[in-house]
Amino acid sequence: MTPRSRPAAPIFAVRTSATGDISLAEGIQTSAHVAWSQQREGAYMQTPVVYGGHLYVCRDNGVLSVYEAATGKRLYQQRLGEGRTSFSASAVGGDGKLYYSSEDGSVFVIKAGPMFEQLAENVMGETAMATPAISEGIIFRTRTRLVAVGR
């Protein structure tokens with residue numbers, strides 16, 4: 011869970027068995043209800059993705075942080091797009107890859123796993139604010155049209 015708040019933008023890994031008040035006392039990172047937390051690593055708008063045992067969190071400035079989903083151990087942190095664009099759309103995962111759409115219309119394809127590897131950057135040619143959709147190929151929605159990218 012990443013509650014939308016600034017400047018902190020925390021991340022909470024809430025246990026599926028959690029019920030009732032799951033609040034953490036100040037300075038506490040874990041509890042019977044919260045497996046782990048990070049106080050300043052969450053996204054502002056995007057929804058994080060759990061894929062293949064890893065949690066992928068991309069902030070609006072393009073900084074991608076990847077954690078072991080079970081433990082919260084950060085595996086890497088890498089900026090997408092060299093800081094030239096913002097990210098509002100949530101990522102999607104499929105076929106061992108994660109797809110991140112930037113507001114300037116670039117789609118970054120990242121190999122899923124514990125180490126950063128950018129497989130591609132596809133330029134869509136116009137603003138893209140929506141989360142990409144995957145179905146029998148990859149379909150990216152930009153501001154005024156649908157752009158399909160496949161193998």
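For the sequence shown, position 26 matches number 36 in the numbering used here, and the numbering has no gaps at all. Backbone N, C-alpha and C define an ideal beta-carbon position, used for all residues, glycine too. Since the model is a prediction, treat every value here as computed from it, not as a measurement.
Asked: Three-state secondary structure assigned by DSSP to GLU2; Found: Residue 2 lies beyond the range of the chain shown here (11 to 161); nothing can be said about it.
Asked: Straight-line Cα distance separating VAL119 from ARG151; Found: 16 Å
Asked: Counterpart residues of ALA23 in DSSP-defined beta bridges; Found: TRP46
Asked: Integer Cβ distance of SER100 from THR57, believed to fall under 8 Å; Found: 4 Å
Asked: Residue nearest to HIS43 in terms of C-alpha spacing, selected from SER33, LEU74, GLY103, GLU51; Found: SER33
Asked: Runs of beta strand (DSSP E) wholly within the region 49 to 136 (minimum 3 residues, chain order); Found: 59 to 61, 64 to 68, 73 to 78, 84 to 89, 102 to 104, 107 to 111, 116 to 121, 128 to 133
Asked: Rounded Cβ spacing between LEU65 and ALA79 (contact assumed at less than 8 Å); Found: 5 Å
Asked: Member of VAL59, SER27, ALA19 whose CA lies at the smallest distance from the CA of SER47; Found: ALA19
Asked: Cα-Cα separation between VAL133 and ARG84, rounded to whole angstroms; Found: 29 Å
Asked: Opening and closing residue of the beta strand (DSSP E) in which ALA28 lies; Found: Segment: none, ALA28 is in no beta strand (DSSP E) and carries neither H nor E.
Asked: Rounded straight-line distance, which links the Cα of LEU129 to that of GLY104; Found: 14 Å
Asked: Closest Cα partner of MET55 within the set CYS68, ALA23, LEU156, GLN87; Found: CYS68
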